[in-house]
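**Q** Below you'll find the structure I mean.
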Amino acid sequence: MAAEIILPNDIWESIFEILLNDCGDGGNNRCLHLHSLSAVSKQLLALTGRQKFHFIISNQTVPFVPSLLRRFPNLTSIDLTRFRGNLDAILYQIATLQLPLKWINISNRPTIPANGLRILGRKIKTLTSLICSHVASIFKSDLVIIADSFPLLEELDLSFHQLIDIAGFGINSLSLALPKLRKVNLSGSFYINEISVFYLCKNCKFIEEVVMTHCTFVIKDGVSSKLRDKPKVIQYPGWFGEAFHPRGRRSSFADACPPRIDCPPKIHHSPIVEIGRSFFDQVCRTE
Numbered sequence: 058m059a060a061e062i063i064l065p066n067d068i069w070e071s072i073f074e075i076l077l078n079d080c081g082d083g084g085n086n087r088c089l090h091l092h093s094l095s096a097v098s099k100q101l102l103a104l105t106g107r108q109k110f111h112f113i114i115s116n117q118t119v120p121f122v123p124s125l126l127r128r129f130p131n132l133t134s135i136d137l138t139r140f141r142g143n144l145d146a147i148l149y150q151i152a153t154l155q156l157p158l159k160w161i162n163i164s165n166r167p168t169i170p171a172n173g174l175r176i177l178g179r180k181i182k183t184l185t186s187l188i189c190s191h192v193a194s195i196f197k198s199d200l201v202i203i204a205d206s207f208p209l210l211e212e213l214d215l216s217f218h219q220l221i222d223i224a225g226f227g228i229n230s231l232s233l234a235l236p237k238l239r240k241v242n243l244s245g246s247f248y249i250n251e252i253s254v255f256y257l258c259k260n261c262k263f264i265e266e267v268v269m270t271h272c273t274f275v276i277k278d279g280v281s282s283k284l285r286d287k288p289k290v291i292q293y294p295g296w297f298g299e300a301f302h303p304r305g306r307r308s309s310f311a312d313a314c315p316p317r318i319d320c321p322p323k324i325h326h327s328p329i330v331e332i333g334r335s336f337f338d339q340v341c342r343t344e
């Protein structure tokens, strides 16, 4: 009988990385190979669990979430867009395990899971990217919770909501509370105007990209002229379409945007826009 080969865990992990890197294109192949390896022995089952970094939670996986999250202790990103149940309860389960999360997607919801995010923020301090796209209703209290719970956020997506009430806690306050923001997606937001963009770029010293497609009350020429002397703003979105890097690189946020929607005719000449332009000019002159 051949002698059993016993290797330390770190050696097996290095072998896995080599095998997985050689297996070609990304996520699906990686998951299939990990599944095959995990069936070999209990040792490999435990080790392959450490090699999984992204997890999608759906209604079908909910009964197994606690055990699956314990099996995958190194998860850095979780996608909750396919789950239609009590999101607060799921976020609580995630928080209790204190995973090294950096990215979480809670898009396609009727409301922001405020209680769940609050608990998650208390337990997990590593989150730098929060995606809340296509959330029907977002309120001032939701933005306060996001800012208080995740002060280290670098990427925030609040695009394409149906109703928002942020009176008293606008983009100026949000940008002051989240100074490390690098990328922000505010597409489809009727409350965004030139003044909002100015404060966002002024308060966030590391800002690289602001996506504002389908924002009715933002005047591209006005924003461009006011930010021309802001060298720290090195990325600016396209108008009624994709977001582009000034050197031609496509924005990473652009894929989340819906098909092109034309602006209502003559919107640039509306009284509301002209009032906003006037106030924006006054703000800039005081700088």
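When the letters of the sequence shown are read in order and numbered with my numbering, they come out as residues 58 to 344.
Using N, Cα and C, we set each Cβ at its ideal position, and we do this for glycine too.
Starting from I176, trace the alpha helix (DSSP H) in both directions and tell me its first and last residue.
**A** The residue given as residue 176 occupies position 119 in the sequence shown. It spans A171 to K180 - the alpha helix (DSSP H) in which I176 sits, taken as one unbroken run.
**Q** Within a Cβ cutoff of 6 Å, which residues of the same chain sit near R179, ignoring the five residues on either side of it in sequence?
**A** Position 122 of the sequence shown, counting from 1, holds the residue named residue 179. Excluding residues within five positions, none has a Cβ falling inside 6 Å.
**Q** What residues in its chain sit with their C-beta under 7 Å from that of F207, if we drop five residues either side in the sequence?
**A** Here residue 207 refers to the residue found at position 150 of the sequence shown. Hits under 7 Å: G178, L184 and L187.
**Q** Quick check on the burial criterion: 16 or more other C-beta atoms within 10 angstroms. Buried or exposed for T168?
**A** As a working note, residue 168 is residue 111 in the sequence shown. With fewer than 16 other Cβ atoms within 10 Å, it is exposed.
**Q** Relative to the alpha-carbon of S216, which residue among A204, K237, I249 and S71 has its alpha-carbon at the smallest distance?
**A** Within the sequence shown, residue 216 is the residue found at index 159, counting from 1. Looking at the Cα atoms, I249 is the closest of the given residues.
**Q** Are I176 and A152 closer than 7 Å when you measure CB to CB?
**A** Here residue 176 corresponds to residue number 119 of the sequence shown, with the count starting at 1. Here residue 152 corresponds to residue number 95 of the sequence shown, with the count starting at 1. Going by C-beta atoms, I176 is nearer than 7 Å to A152.
**Q** Whose C-beta lies closer than 7 Å to the C-beta of S309 among residues of the same chain, with five residues either side of it excluded?
**A** On the sequence shown, residue 309 is found 252 positions in, with the first residue counted as 1. Note on S309: pLDDT 45, under 50, position unreliable in the model; no value is reported.
**Q** Pick helix, strand or coil for N131, following the three-state DSSP scheme.
**A** Residue mapping note: residue 131 aligns to position 74 of the sequence shown, counting from 1. Coil.
**Q** Could you check whether A171 and I203 sit closer than 7 Å to each other, using their CB atoms as the reference points?
**A** The residue labelled residue 203 in the question sits at position 146 within the sequence shown. The residue labelled residue 171 in the question sits at position 114 within the sequence shown. In this structure, A171 does not lie closer than 7 Å to I203 by Cβ.
**Q** Note the first and the last residue of the continuous beta strand (DSSP E) segment covering N162.
**A** For the purposes of this step, residue 162 is identified with residue 105 of the sequence shown, where counting begins at 1. Unbroken beta strand (DSSP E) run through N162: W160 to N162.
**Q** Would K240 be called buried (16 or more neighbouring beta carbons within 10 Å of its own) or exposed?
**A** Here residue 240 corresponds to residue number 183 of the sequence shown, with the count starting at 1. Its Cβ being crowded by 16 or more others within 10 Å, K240 is buried.
**Q** I'd like the list of long-range same chain contacts for D319, defined as Cβ closer than 6 Å, with 5 residues on each side in sequence excluded.
**A** In the sequence shown, the residue the question calls residue 319 occupies position 262. Legend: pLDDT at D319 = 34, less than 50; position of this residue unreliable, value from coordinates given subsequently. Beyond the five residues adjoining it in sequence on each side, D319 comes within less than 6 Å, by CB distance, of no other residue in the same chain.
**Q** Would a C-beta distance cut-off of 7 Å place C258 and I252 closer than the cut-off?
**A** Counting from one through the sequence shown, the residue named residue 258 turns up at place 201. Counting from one through the sequence shown, the residue named residue 252 turns up at place 195. No; because the gap between Cβ atoms is not below 7 Å, this pair is not in contact.
**Q** Are the beta-carbon atoms belonging to T138 and F110 less than 7 Å from one another?
**A** As a working mapping, residue 138 is identified with position 81 in the sequence shown. As a working mapping, residue 110 is identified with position 53 in the sequence shown. No, Cβ-Cβ distance for T138 and F110 is not below 7 Å.
**Q** Using only the alpha-carbon positions, how far apart do C189 and R107 sit?
**A** For the purposes of this step, residue 189 is taken as residue 132 along the sequence shown, with counting starting at 1. For the purposes of this step, residue 107 is taken as residue 50 along the sequence shown, with counting starting at 1. So the alpha carbons of these two residues sit roughly 27 Å apart.
**Q** Between D214 and N260, how many whole angstroms is the CB-CB distance? I'm expecting something under 8 Å.
**A** Taking the first residue of the sequence shown as 1, we reach residue 214 at position 157. Taking the first residue of the sequence shown as 1, we reach residue 260 at position 203. With 8 Å as the limit, D214 and N260 do not qualify as a contact, their Cβ atoms being about 18 Å apart.
**Q** Please say whether L200 and I173 have beta carbons closer to each other than 7 Å?
**A** Stepping through the sequence shown from its first residue, residue 173 is reached at position 116. Stepping through the sequence shown from its first residue, residue 200 is reached at position 143. Looking at the sequence provided, one finds Gly at residue 173 rather than Ile. With a cutoff of 7 Å on beta-carbon distance, G173 and L200 are scored as not near each other.
**Q** Going by C-alpha to C-alpha distance, which of I135, K197 and P130 sits closest to Q155?
**A** As a first step, residue 155 is located in the sequence shown; it is residue number 98 there, counting from the start. Among I135, K197 and P130, the Cα nearest to that of Q155 belongs to P130.
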